[in-house]
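Inspection log for the structure reproduced underneath, given as structure tokens.
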Amino acid sequence: MLARSCLRSTRLVGPVARNAASKTASRSASTSSSTAEEAASSWKTTALGSGATAFAIGSVAWYYHLYGQNVDAMTPAEEGLHPTAYPWEHTKWSKTFDHQALRRGFQVYREVCASCHSLKRIPYRSLVGNIMTVDEAKALAEENEYDTEPNNEGEIEKRPGKLSDYLPSPYKNDEAARAANNGALPPDLSLMVKARHGGCDYIFSLLTGYPEEPPAGAVVQEGLNFNPYFPGTGIAMARVLYDDLVEYEDGTPATTSQMAKDVTEFLHWSAEPEMDDRKKMGWKVMAIGGVLFALSVWVKRYKWTPLKTRKIIYTPPGGPAKNPSSPRPSVKMNERQ
Amino acid sequence: MAGLSSSLYNLFFRKNTVMLGTVFASAFAIQMAFDSGSEKIWDGINKGRQWKDIKHRYVQAAEEE
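Chains A and B, in that order, give the protein sequences. Using the working numbering, read the first sequence as starting at 336 and increasing by one per residue. Using the working numbering, read the second sequence as starting at 786 and increasing by one per residue.
Dropping the structure here:
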């Protein structure tokens, strides 16, 4: 600023003292002052640029620090170990359940899990044609007694089960279940595969994930068992599956992992009994939908052909008629086909 | 070819009622063909997995008793 006002005053003085010396002086003065100005401004520009960059990087870093990181409400132990992703055959898009495995899994459920866990949403009738024959299911239903409708005197009697009845629960109610299990409620397993993150992988890992003894330093509460896959690592259910606990009717060796795999697949079926049909229907829909889509693309192109291939020619009035056949200047639509 | 397509036209599409009948009948036939075809492919992919593949073991066992 100072240098510039000096310059201006020199110019004002200039015309008055019209001599070469002062002109030279003023020129040299202006030259030197503008160099100083440039030096000062380039320093400022550098500082400003660097500052702005540092501010930008800093604010991004601060923002990332605040909002960019994962926020975990729980420690990894409270979260539970993530289950291994197993290559389940029945979860592939084109595969049904292996119904022989479902049958084995139901056997495991009945012989092991059913003493603590209910499976309230599964009626005997849905086992028919999936896991057992009608006669087997009927015989199974008749093993249990169910309440009748009130009779003429308002009494409720007992009758043997029918296909339309639901699988019986091991306990009369949740309170009884808690009382029998140290205060912990064994949850209903009907929808368990859908109800837990990791689905089949989680349940398989949970059932097979009990270590011989808890790792050193792990705190396990009285009455709980250590399982790294269970959120919190202390689970009220002890290890239930041991080699050869059940005897499979089809001769499959009943190892712990075999039983865990079968019962997990069975629980997946109980949570999603419609899976087989859903997948098959999905493929059919995609096949038909693909044909219809191709047809609609073809129809669209067919209908648009005249519009897409027409050519608009403008012949300016008086100008060289490009199209001699047109008698007067006009906009002409020309269809190329 | 022209003779064939014109006779096809005369046979199936000339009268509206006939055309409607053709549409319904071919819809029925195509659906049957599509369903049984896709069922076959599906059962081939899932050979041995479905209940119908293992049913015979248990049905026969029940009859023998």
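Beta carbons: idealized from backbone N, C-alpha and C, even for Gly. The model shown is predicted, which means the values in this text are computed figures rather than measured ones.
Neighbour list for residue i in chain B, Cβ cutoff strictly below 7 Å
i	result
Ser429 (chain A)	Ile830
Asp433 (chain A)	Arg834
Backbone CA spacing between residue i and residue j [nearest angstrom]
i	j	result
Arg834 (chain B)	Gln435 (chain A)	7 Å
Leu793 (chain B)	Trp428 (chain A)	42 Å
Glu490 (chain A)	Glu480 (chain A)	16 Å
Ala514 (chain A)	Cys448 (chain A)	17 Å
Thr802 (chain B)	Ile623 (chain A)	27 Å
Leu526 (chain A)	Asp611 (chain A)	17 Å
Asp585 (chain A)	Asn516 (chain A)	33 Å
Gln442 (chain A)	Thr599 (chain A)	12 Å
Met804 (chain B)	Ser811 (chain B)	10 Å
Ser605 (chain A)	Leu524 (chain A)	8 Å
Thr359 (chain A)	Ser377 (chain A)	With a pLDDT of 47 at Thr359 (chain A), under the threshold of 50, the predicted position of this residue should be treated as unreliable, and no value is reported.
Ser631 (chain A)	Lys840 (chain B)	43 Å
Arg439 (chain A)	Ile830 (chain B)	22 Å
Lys638 (chain A)	Thr644 (chain A)	11 Å
Ala750 (chain A)	Met572 (chain A)	The requested residue 750 (chain A) is not part of the displayed model; chain A covers only 336 to 672.
Phe561 (chain A)	Lys529 (chain A)	24 Å
Thr431 (chain A)	Tyr537 (chain A)	20 Å
Ala629 (chain A)	Phe601 (chain A)	40 Å
Thr590 (chain A)	Leu498 (chain A)	32 Å
Ala453 (chain A)	Gly403 (chain A)	The sequence shown places Ser at residue 453 (chain A), rather than the Ala named in the question. Distance between the alpha carbons of Ser453 (chain A) and Gly403 (chain A) is about 43 Å.
Leu437 (chain A)	Asp820 (chain B)	26 Å
Phe798 (chain B)	Val620 (chain A)	29 Å
Leu484 (chain A)	Pro503 (chain A)	Looking at the sequence itself, residue 484 (chain A) is Glu, so the reference to Leu does not match. So the two alpha carbons sit approximately 17 Å from each other.
Glu477 (chain A)	Gly496 (chain A)	5 Å
Pro505 (chain A)	Leu475 (chain A)	16 Å
Glu373 (chain A)	Gly384 (chain A)	16 Å
Lys837 (chain B)	Pro608 (chain A)	16 Å
Ala356 (chain A)	Thr370 (chain A)	Here Ala356 (chain A) scores only 46 on pLDDT, less than 50, and its place in the model should not be relied on; the value that follows carries that caveat. Taking the straight line joining both Cα atoms gives about 21 Å.
Ser790 (chain B)	Lys800 (chain B)	16 Å
Thr650 (chain A)	Lys635 (chain A)	32 Å
Trp633 (chain A)	Pro641 (chain A)	14 Å
Leu401 (chain A)	Asp482 (chain A)	60 Å
Lys493 (chain A)	Met467 (chain A)	25 Å
Leu520 (chain A)	Glu582 (chain A)	28 Å
Tyr501 (chain A)	Ala472 (chain A)	12 Å
Pro563 (chain A)	Asp828 (chain B)	40 Å
Ala375 (chain A)	Thr388 (chain A)	20 Å
Tyr674 (chain A)	Ala553 (chain A)	Residue 674 (chain A) lies beyond the stretch modelled for chain A, which goes from 336 to 672, so this question has no answer here.
Gly653 (chain A)	Ala787 (chain B)	50 Å
Cys451 (chain A)	Ala408 (chain A)	31 Å
Thr380 (chain A)	Val395 (chain A)	22 Å
Leu796 (chain B)	Ala814 (chain B)	18 Å
His425 (chain A)	Ile647 (chain A)	60 Å
Beta-carbon neighbours of residue i, restricted to chain B and to distances below 9 Å
i	result
Met610 (chain A)	The premise fails here: Met610 (chain A) is roughly 12 Å from chain B at the closest Cβ pair, so nothing lies under 9 Å.
Gly440 (chain A)	Residues of chain B passing the Cβ test: none, with the nearest at roughly 14 Å.
Gly464 (chain A)	Trp836, Lys837, Lys840
Contacts of residue i in chain A (Cβ-Cβ under 8 Å)
i	result
Tyr843 (chain B)	Met467, Thr468, Glu471
The ligand SAM heavy atom lying under 8 Å from the CB of residue i
i	result
Arg834 (chain B)	Looking for the ligand SAM in the displayed structure turns up nothing, as the structure carries no ligands at all.
At 3 residues or longer, and completely inside the segment 478 to 530 of chain A: list those beta strand (DSSP E) runs for me, N to C.
-> Along the length of the segment 478 to 530 of chain A, whole beta strand (DSSP E) runs at least 3 residues long occupy 480 to 482, 493 to 495, reported in chain order.
Return the residues of the segment 804 to 825 of chain B that lie within a Cβ-Cβ distance of less than 9 Å from chain A, sorted by chain order.
-> Phe819, Asp820, Ser823, Glu824
When Cβ atoms are compared, which residues of the segment 478 to 498 of chain A fall closer than 9 Å to chain B?
-> none
Under 9 Å (Cβ pairs) to chain B, residues found in the segment 613 to 640 of chain A = Lys614, Lys615, Trp618, Lys619, Ala622, Ile623
Counting pairs of Cβ atoms below 8 Å between the segment 445 to 463 of chain A and the segment 609 to 621 of chain A, do you hit three or more?
-> no
Inside the segment 617 to 661 of chain A only - alpha helix (DSSP H) runs reaching at least 4 residues | none
Could I get the ranges of all uninterrupted alpha helix (DSSP H) runs contained in the segment 540 to 616 of chain A, with 4 residues as the minimum, in chain order?
-> Listed in chain order, the complete alpha helix (DSSP H) runs (minimum 4 residues) inside the segment 540 to 616 of chain A are 591 to 606.
Would you check if the segment 418 to 427 of chain A and the segment 528 to 542 of chain A touch, i.e. whether three or more CB-CB distances between them fall below 8 Å?
-> yes
What beta strand (DSSP E) runs, 3 residues minimum, are completely inside the segment 408 to 487 of chain A?
-> 480 to 482
The segment 565 to 582 of chain A in contact with the segment 542 to 552 of chain A per 3-pair CB rule at 8 Å = yes
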